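Report on the structure given below.
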Amino acid sequence: MITQLTTFNSLRKKVVFFVKKLKLDQYVNNQGRKLALSISDILSLAIFKHSGQIETKKKLWEHMRPNCSYKTLVVNINRFFPIAIYILTLILNYNKKNAHLVKFIDSTDLPVCSIRKAKYHSVMKQFASWGKTGKGWYYGLKMHLISDLEGRVLSIKFTSGNVGDRAVVMDLARGIDGIFVADSGYISQELNEKFHEEGKRVLLAKPRANMRKIASIVDTYLYSNRMRVELNFRTLKLFYGLVTGLPKSVYGYLAHYSYAVLAYCID
258 MITQLTTFNS LRKKVVFFVK KLKLDQYVNN QGRKLALSIS DILSLAIFKH
308 SGQIETKKKL WEHMRPNCSY KTLVVNINRF FPIAIYILTL ILNYNKKNAH
358 LVKFIDSTDL PVCSIRKAKY HSVMKQFASW GKTGKGWYYG LKMHLISDLE
408 GRVLSIKFTS GNVGDRAVVM DLARGIDGIF VADSGYISQE LNEKFHEEGK
458 RVLLAKPRAN MRKIASIVDT YLYSNRMRVE LNFRTLKLFY GLVTGLPKSV
508 YGYLAHYSYA VLAYCID
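If you read the sequence shown in the working numbering, its first letter stands for residue 258, the second for the next number, and so on.
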């Protein structure tokens with residue numbers, strides 16, 4: 258418990274820094290009833306839920322006992338997730354400016370419910386769809402991500418589960434230069450030509466097993482390190498609870514994803 262409180266206090270200091278530096282208190286309506294919790298407390302608790310591996314908001318409320326009711330905590334966490342996105346955007350922009358030359362691009366599945374419940378799932382039906390990975394079919398969203406050789410997250414995009422990886426590359430990599438390494442799912446002559454900018458950026462997609470190509474030592478090194486981008490997905494899912502089927506509203510899902518990624522990037 259003492260260790261968790263220490264972790265929470267350390268996390269809160271980071272949040273307070275952003276709130277003060279960016280003057281985020283101005284987003285609170287000063288008219289009407291005062292918030293039971295400050296913006297700093299709301300953001301800190303929401304982020305701590307993920308970094309502290311607390312499964313639900315109910316358990317968070319019981320564990321931390323904030324000066325508000327459980328319902329108030331949930332409403333405020335969901336209400337202020339756009340601020341979390343704003344902070345996350347600033348962190349990603351900072352990472353872009355300090356990124357390694359080598360970047361990796363990939364995507365992962367984000368089921369919003371089990372396959373058994375997909376037919377009856379209604380909360381995310383306007384965003385979710387059937388998608389397929391090497392593990393099989395799922396119903397939900399897809400998270401696309403670019404990170405650099407040193408593990409910094411540079412860009413993130415969420416799409417429906419049936420959106421192809423190649424379709425989002427140009428948007429995902431906007432404003433980022435360097436050597437981009439991807440798996441065979443990104444092989445496309447048209448995409449290569451559109452993406453390539455002489456002296457600025459190039460996309461290297463790992464050839465399929467049935468494609469004859471002699472790889473250079475550099476190519477082999479880059480492809481062998483491509484798995485590093487998947488460490489981001491693994492960490493987000495296993496240690497920050499990225500995948501969920503618990504929210505009862507669209508805002509709940511969006512807030513959950515926003516705080517999970519911010520918790521990972523701010524730690």
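No residue lacks a Cβ here, since even glycine has one placed at the ideal position from N, Cα and C. For clarity, every value in this text was computed on a predicted model and none was experimentally measured.
Burial state of residue i (16 or more Cβ within 10 Å)
i    : result
P368 : buried
M381 : buried
M484 : exposed
R491 : exposed
Y377 : exposed
D363 : buried
Y521 : buried
H453 : exposed
Extent of the continuous beta strand (DSSP E) run through residue i
i    : result
D366 : V359 to P368
T390 : S386 to T390
K414 : V410 to S417
Contacting residues, own chain, Cβ-Cβ under 6 angstroms from residue i (five flanking each side not counted)
i    : result
K306 : L317
F415 : L398 and M400
D434 : K457 and R458
G442 : D422
Euclidean distance between Cα positions of residue i and residue j
i    : j    : result
Q383 : G393 : 22 angstroms
Y497 : I523 : 12 angstroms
L503 : A462 : 36 angstroms
N333 : L292 : 9 angstroms
A439 : E407 : 16 angstroms
L279 : L300 : 14 angstroms
N419 : W387 : 6 angstroms
R336 : Q446 : 43 angstroms
Cut-off 7 angstroms between Cβ atoms - residues of its own chain near residue i, not counting five sequence neighbours on either side
i    : result
Y327 : K315 and W318
L511 : F338
A517 : H307, L493, Y497, G498 and L499
P323 : L294, D298, L302 and L330
First and last residue of the uninterrupted alpha helix (DSSP H) at residue i
i    : result
A341 : F338 to K354
A512 : V507 to I523
Other residues of its chain near residue i: CB distance less than 8 angstroms, five sequence neighbours each side excluded
i    : result
R409 : N352, N355, A356 and H357
Below-7 angstroms beta-carbon distance, residue i vs any chain D residue
i    : result
K271 : Absent here is chain D; the protein component of the structure consists of one chain.
Entirely within the stretch 272-326 and at least 4 residues each: give me those alpha helix (DSSP H) ranges in chain order.
Within the stretch 272-326, the complete alpha helix (DSSP H) runs of at least 4 residues are 296-308 and 314-321.
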